[in-house]
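Comments concern the structure below.
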Amino acid sequence: MSDIGSSDIGSRSRTTSIDSQMYAIPAPESPISTGSSSSDDGEEEAEEEEWGNGEENDNEQVGRDWLARPLEAPVFDVSRYIFQSLAHALNSADFAQAIAIQTRTAGIINSRSRELEQLVDTLQQRLPHLETRFARGSQVARQIRRRLEFCSGRVKQVEKVFEKRYAIEYQQAKDEVERVLDEEH
91 MSDIGSSDIG
101 SRSRTTSIDS
111 QMYAIPAPES
121 PISTGSSSSD
131 DGEEEAEEEE
141 WGNGEENDNE
151 QVGRDWLARP
161 LEAPVFDVSR
171 YIFQSLAHAL
181 NSADFAQAIA
191 IQTRTAGIIN
201 SRSRELEQLV
211 DTLQQRLPHL
221 ETRFARGSQV
231 ARQIRRRLEF
241 CSGRVKQVEK
251 VFEKRYAIEY
261 QQAKDEVERV
271 LDEEH
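By the count of the numbering used here, the sequence shown reaches residue 275 at its end, each step adding exactly one.
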């Protein structure tokens with residue numbers, strides 16, 4: 091295999107690296123006649139000397155007969171077809187448009203990723219402050235809950251005392267409070 095330098099990468103040709111004609115089936119130059127011989131006897135003798143006698147001659151005759159048959163379809167060169175298809179696809183306007191769309195999309199994605207990075211940085215800077223505020227708020231909420239529980243317990247104790255000592259006034263005040271609450275709702 092040949093050594094390819096880094097400077098050769100940009101200067102490569104856009105032609106196929108495999109000669110596809112090597113694999114193509116050649117068309118016969120002239121049909122072989124099966125009737126009377128119209129060629130010289132000298133040509134036939136030269137062919138016999140060239141091909142020799144025996145088994146080798148039989149194999150070659152079969153090969154020549156196969157090559158001498160007319161082809162029913164033209165030879166299809168697969169590598170040439172693929173290369174031309176790729177070359178056409180790369181040179182078309184659709185490819186240029188696809189590249190433009192891809193470039194635009196890449197730009198949008200890059201700008202959005204930068205925005206996200208900025209938002210993450212901002213949130214990471216604000217996070218310690220928010221954590222301390224949350225901790226302070228939860229501590230205050232616990233204190234308020236304890237105080238409310240204490241106050242509600244005291245109110246229930248006072249309510250029991252007033253209910254026993256001042257039963258008539260307590261019922262009148264309770265009815266009035268319930269009437270006011272019903273009017274509000």
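We treat Cβ as the ideally placed atom computed from N, Cα and C, and that holds for glycine.
Rounded to whole angstroms, the separation of the alpha carbons of D167 and F173 is 10 Å. The three-state reading of DSSP puts V248 in helix, counting H, G and I together. When DSSP states are grouped into helix, strand and coil, H178 belongs to the helix group. Our two residues, V230 and L220, have alpha carbons roughly 15 Å apart in a direct line.
Under the three-state reduction of DSSP output, H219 falls in the helix class. For Y260, the enclosing alpha helix (DSSP H) stretches over residues 257-274. Linking G197 to S203 through their CA atoms gives a straight-line distance of about 10 Å.
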